[in-house]
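All residue numbers for the sequence shown refer to my numbering, where the first residue is 94 and numbers rise by one.
Beta carbons are placed, not taken as given, at the ideal position from N, Cα and C, and that holds for glycine.
Keep in mind the model is a prediction, meaning the values are calculated, not measured.
Structure first, commentary second.
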Amino acid sequence: MTDMTGGELLLKCLQQEGVTVLFGILDGSFNPFLARLEQYGMRFVNARHEAAAAHMAEAWARIRGEPAVVISGIGPGAANMVSGVVTAFAEGSPLIALSGQRRRSIIYPDRGGSFQNVDLLGLYRPVTRWSAGVRDWRRLPELIRRAYREATGGRPGPVYVEIPEDILRGTGDSESVEVWPSSRGQSGRPQAGDPAAIRAAAELLAGAERPAL
Numbered sequence: 094m095t096d097m098t099g100g101e102l103l104l105k106c107l108q109q110e111g112v113t114v115l116f117g118i119l120d121g122s123f124n125p126f127l128a129r130l131e132q133y134g135m136r137f138v139n140a141r142h143e144a145a146a147a148h149m150a151e152a153w154a155r156i157r158g159e160p161a162v163v164i165s166g167i168g169p170g171a172a173n174m175v176s177g178v179v180t181a182f183a184e185g186s187p188l189i190a191l192s193g194q195r196r197r198s199i200i201y202p203d204r205g206g207s208f209q210n211v212d213l214l215g216l217y218r219p220v221t222r223w224s225a226g227v228r229d230w231r232r233l234p235e236l237i238r239r240a241y242r243e244a245t246g247g248r249p250g251p252v253y254v255e256i257p258e259d260i261l262r263g264t265g266d267s268e269s270v271e272v273w274p275s276s277r278g279q280s281g282r283p284q285a286g287d288p289a290a291i292r293a294a295a296e297l298l299a300g301a302e303r304p305a306l
């Protein structure tokens, strides 16, 4: 049995998706994540404001045609990311927005009045293709994998996953969970069609008496 924090498990999930650069501002709940960041070969770009981090990640995703990751802390920090996520939603940029959240015992269900507690899922649902909260340490790989599929399938766009602080800081048996390789057959980069096939189709249409599309 080998104990692993939720923060390190998140790193393993992102590594399987080919992540090398992340943007954001982190709070103390992500300390286990930061402690292992270099070990997993990733670089964290620390912004001055969460909105700036989200726009940086959105620009990365739009220019490179591949998912980018932006991360923030709990409550107001996560709320600050929304403007960049809205841009990604409008532009069809594959953005993976992650944030911390208060511990599960006070948010599932929400008891109200806790420090920096914001209904982040309610905030992000209207401006993302998919959003979810991690309620069990063992489901983190499944939810991160689905986040990537949702962000890149069909018309690309942003997704959001909130991860409670007790999951990030807590530990579990690393052998009890499986982190799968990326399920994405290709990135969100637009693909060019076969020139010969396009030419042949154009000739068929041009020679048709009553073409229908």
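Practice prompt. Take the Cβ of Y201 as the centre, count every other Cβ of all protein chains shown within 10 Å, and call the residue buried at 16 or more, exposed below.
Written response: exposed
Might you give, ordered along the chain, the residues of its own chain that have their beta carbon closer than 6 Å to the beta carbon of E143, omitting 5 neighbours on each side? I118, S165, G170, N173 and M174
For S186, which residues in the same chain have their Cβ closer than 6 Å to its Cβ, ignoring the five residues on either side in sequence? E151, A154 and R155
In the DSSP assignment, what are the bridge partners of E255? S192 and G226
When A140, L233, V211 and N210 are compared against Q109, the one with the closest alpha-carbon: L233
The alpha helix (DSSP H) with I156 in it runs from where to where? E143 to R157
Which residues mark the beginning and the end of the alpha helix (DSSP H) in which F182 is found? V175 to E184
Contacts around W223, its chain only, beta-carbon distance under 6 Å, and the 5 residues preceding and following it disregarded: E243 and V252
_Rounded Cβ spacing between A225 and V254 (contact assumed at less than 8 Å)_ = 6 Å
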